[in-house]
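Note that the numbering used here has the sequence shown beginning at 25, numbered continuously upward.
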Amino acid sequence: MQYTYTAVITEKDGTFYAKIPDVDGCITTAPTLTEAIALITDALNLCLVGLEDEEITPNEPTPQAEIPHLPTDILTIIQADTIKYRSMTDTKAVRKNVSLPAWMSKLADKRGINCSKVLQEALTTKLL
Numbered sequence: 025m026q027y028t029y030t031a032v033i034t035e036k037d038g039t040f041y042a043k044i045p046d047v048d049g050c051i052t053t054a055p056t057l058t059e060a061i062a063l064i065t066d067a068l069n070l071c072l073v074g075l076e077d078e079e080i081t082p083n084e085p086t087p088q089a090e091i092p093h094l095p096t097d098i099l100t101i102i103q104a105d106t107i108k109y110r111s112m113t114d115t116k117a118v119r120k121n122v123s124l125p126a127w128m129s130k131l132a133d134k135r136g137i138n139c140s141k142v143l144q145e146a147l148t149t150k151l152l
């Protein structure tokens, strides 16, 4: 799933504090603005994956103009793609049994085709 939220970033004494107000617990800190944006993006993906796994619908994004913030805060749009995030972080292989017609299995073996790889590539194309 793809999501778009606004992050509020506050700088204090050389540390950048970033949060997504619409997602409870989605906060991080970093020594630079660039790193704060990268870390809050990762945190948002992780929080949303957790919500999806628990079958909890995330809050709708608040319009940026309605987000409470200080005049010195930085507001930035953060995009999350939980399917892409899962594909990069959840790389543990699981065994699945599939059924193929006998002729297809024999021909694939004869041609040296790795059925697991072909299935992964096909599912990646369908899911992403």
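The beta-carbon is built from N, C-alpha and C at its ideal position, and this holds for glycine as well.
- Query: Does the count of Cβ pairs from the segment 84-92 and the segment 44-59 closer than 8 Å reach three?
  - Reply: yes
- Are the CB atoms of Y41 and T53 nearer to each other than 8 Å? Locating residue 41 in the sequence shown gives position 17, counting from the first residue. Locating residue 53 in the sequence shown gives position 29, counting from the first residue. Cβ atoms of Y41 and T53: closer than 8 Å.
- Item | Burial state of V32, where buried means 16 or more other Cβ atoms lie within 10 Å | Here residue 32 is taken as the residue at index 8 of the sequence shown, counted from 1. Burial call: buried.
- Task: Just tell me which of R135, E76, V73, L68 has its CA closest to the CA of T28.
- Result: Sequence index remark: in the sequence shown, residue 28 carries index 4 (1-based). Checked all of R135, E76, V73, L68; the closest Cα to T28 is L68.
- Item | Backbone CA spacing between L152 and L63 [nearest angstrom] | For the purposes of this step, residue 152 is identified with residue 128 of the sequence shown, where counting begins at 1. For the purposes of this step, residue 63 is identified with residue 39 of the sequence shown, where counting begins at 1. Looking at the two C-alpha atoms, the distance is approximately 23 Å.
- Would the beta-carbon of Q26 fall within 8 Å of that of Q103? Position 2 of the sequence shown, counted from the first residue, corresponds to residue 26. Position 79 of the sequence shown, counted from the first residue, corresponds to residue 103. Yes; because the gap between Cβ atoms is below 8 Å, this pair is in contact.
- Message: With the cut-off set at 8 Å, would you say L75 and P85 are in Cβ contact?
- Response: Residue mapping note: residue 75 aligns to position 51 of the sequence shown, counting from 1. Residue mapping note: residue 85 aligns to position 61 of the sequence shown, counting from 1. No, the Cβ-Cβ distance between L75 and P85 is not below 8 Å.
- Message: Mapping the DSSP letters down to three states, classify A31 as helix, strand or coil.
- Response: One-based indexing of the sequence shown puts residue 31 at position 7. Note: A31 maps to strand in three-state DSSP.
- Closest Cα partner of T56 within the set C71, E35, V73, C50: Your numbering for residue 56 matches position 32 in the sequence shown. Closest option to T56, Cα to Cα, is E35.
- Would you mind stating whether A132 and C139 have Cβ atoms separated by less than 8 Å? For the purposes of this step, residue 132 is identified with residue 108 of the sequence shown, where counting begins at 1. For the purposes of this step, residue 139 is identified with residue 115 of the sequence shown, where counting begins at 1. In contact: A132 and C139 (Cβ atoms closer than 8 Å).
- Which whole-angstrom value is the C-beta distance of T106 and V73, which I expect to be below 8 Å? The sequence position of residue 106 within the sequence shown is 82, counting from 1. The sequence position of residue 73 within the sequence shown is 49, counting from 1. Confirmed, Cβ separation roughly 5 Å.
- Which class does K36 belong to by DSSP, given the choice of helix, strand or coil? For the purposes of this step, residue 36 is taken as residue 12 along the sequence shown, with counting starting at 1. Three-state result, K36: strand.
- Measure the Cβ-Cβ separation of T113 and I61 and say whether it is below 8 Å. Counting from 1 along the sequence shown, the entry for residue 113 is found at position 89. Counting from 1 along the sequence shown, the entry for residue 61 is found at position 37. No, Cβ-Cβ distance for T113 and I61 is not below 8 Å.
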